[in-house]
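Undergrad: According to the UniProt record's numbering, the residues represented by the sequence shown are 1 to 101, in order.
Glycine included, each C-beta is placed from N, C-alpha and C at the ideal position.
The structure displayed is predicted, hence computed values, not measured ones.
Below you'll find the structure I mean.
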Amino acid sequence: MSMCKVIYAKSVKSFADACNLAASKATGKYITVCNCGDTFSDNYFESCIKVFDKNEKIPFVAGHRFCVNPVFREKKEFRLNKGQIESSVVSLFDNPNLINL
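Quick look at the structure:
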């Protein structure tokens, strides 16, 4: 059984529509978004799953983001500080109407 599912949709108008469609079709326990050019460390998904398994009330996990310049082979890490995370994270458990499925 494959760990990934690819969905082709002709009528999707936005990235949000695509994410909502994918979430509505998902049959697995976990969902992630992979955009073109995204790369993940060898243990990225396993690390995320460990966090979920420790506490089922955690709604999502975000790891470090990297931007790799393919021309110069440079890698730059983007980290959110605690203040950025606290000001930008919305609990979908407290605001279930924000989910558009």
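With a CB to CB cut of under 8 Å and the five nearest residues on each side skipped, what residues in its chain are close to lysine 10?
TA: Residue 10 sits at position 10 when you count from the first residue of the sequence shown. No residues qualify anywhere along the chain.
Undergrad: Determine the contact status of leucine 21 and valine 33, defining contact as a CB-CB distance below 8 Å.
TA: In the sequence shown, residue 21 corresponds to position 21, counting from 1. In the sequence shown, residue 33 corresponds to position 33, counting from 1. No, Cβ-Cβ distance for leucine 21 and valine 33 is not below 8 Å.
Undergrad: State the Cα-Cα distance for the pair alanine 18 and isoleucine 31, rounded to the nearest angstrom.
TA: As a first step, residue 18 is located in the sequence shown; it is residue number 18 there, counting from the start. As a first step, residue 31 is located in the sequence shown; it is residue number 31 there, counting from the start. Rounded to whole angstroms, alanine 18 to isoleucine 31 spans 13 Å at the Cα level.
Undergrad: I'd like to know whether the C-beta atoms of methionine 25 and isoleucine 7 end up nearer to each other than 8 Å.
TA: Indexing the sequence shown from 1 puts residue 25 at position 25. Indexing the sequence shown from 1 puts residue 7 at position 7. It should be noted that the sequence gives lysine, not methionine, for residue 25. In contact: lysine 25 and isoleucine 7 (Cβ atoms closer than 8 Å).
Undergrad: Who are the Cβ neighbours of phenylalanine 52 in its own chain at under 8 Å, not counting the five residues just before and after it?
TA: As a working mapping, residue 52 is identified with position 52 in the sequence shown. If we look at phenylalanine 52 and ignore the five residues flanking it on each side, its Cβ neighbours are Tyr30, Ile58, Val61.
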